[in-house]
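Sequential numbering from 14 applies to the sequence shown in my numbering. Note that beta-carbon positions come from the ideal geometry of N, C-alpha and C, so glycine has one too. Some notes on the structure that comes next.
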Amino acid sequence: MTLPLLNDAKRTPEHVAAERGRSLWPTSAYTVGLLLLNLAALSLAFFDAKGLVVLILSLMYTAHLRLLLTSRAEQRRTNELLEEWLDPVPALPQEERPCRT
Numbered sequence: 014m015t016l017p018l019l020n021d022a023k024r025t026p027e028h029v030a031a032e033r034g035r036s037l038w039p040t041s042a043y044t045v046g047l048l049l050l051n052l053a054a055l056s057l058a059f060f061d062a063k064g065l066v067v068l069i070l071s072l073m074y075t076a077h078l079r080l081l082l083t084s085r086a087e088q089r090r091t092n093e094l095l096e097e098w099l100d101p102v103p104a105l106p107q108e109e110r111p112c113r114t
């Protein structure tokens, strides 16, 4: 895995998404729902000054939920790695030796 360079101008969001194996389009119902919620709050903010408060609350909720989903995915990946590492190694077959009596 290579570390990203800070001054690399060639790295567009498409390149980063391709490196991570994800698409740029929302793929889960949560993401689509949050996107619609934020668009509705933005349209309300255009028509009413109180809509700015709704927009800020909507963005805060989106950030909170996104962090929860990200931490769950990271925890799932961590658990998978730990299970791989902690699985017992199968014992090697031992030679059968005749008993001396």
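*Residue burial classification, A54 (beta-carbon count within 10 angstroms, cutoff 16)*: The residue given as residue 54 occupies position 41 in the sequence shown. It counts as buried.
(request) Give a yes or no on whether the C-beta atoms belonging to L80 and Y43 are separated by under 9 Å. (result) Within the sequence shown, residue 80 is the residue found at index 67, counting from 1. Within the sequence shown, residue 43 is the residue found at index 30, counting from 1. For L80 and Y43, no; Cβs fall outside 9 Å.
Going by the CB atoms, is the gap between L65 and A58 shorter than 9 Å? Working through the sequence shown from its first residue, we reach residue 58 at position 45. Working through the sequence shown from its first residue, we reach residue 65 at position 52. Inclusion of A58 and L65 in the CB contact set at 9 Å is warranted, their separation being smaller than that value.
- [ ] Assign E41 to one of two classes, buried (16 or more other C-beta atoms within 10 Å of its C-beta) or exposed (fewer than that).
- [x] Position 28 of the sequence shown, counted from the first residue, corresponds to residue 41. Per the sequence presented here, residue 41 reads as Ser, with Glu not at that position. Label assigned to S41: exposed.
*Sequence-distant residues of its chain with Cβ nearer than 8 Å to L68 (five each side left out)*: To locate residue 68, count along the sequence shown from 1; it is residue 55. If you ignore the 5 residues before and after L68, its C-beta comes within less than 8 Å of the C-beta of N51, A54, L55, L57 and A58, all in its own chain and listed in chain order.
Roughly how many whole angstroms lie between the Cα atoms of K63 and N92? Taking the sequence shown and counting its residues from 1, one reaches residue 63 at position 50. Taking the sequence shown and counting its residues from 1, one reaches residue 92 at position 79. Cα-Cα distance, rounded: 44 Å.
- Query: Who are the near neighbours of L72 in its chain, counting only those whose CB is closer than 8 Å to its CB and skipping five residues on each side?
  - Reply: Taking the sequence shown and counting its residues from 1, one reaches residue 72 at position 59. Same-chain partners within the cutoff: N51 and A54.
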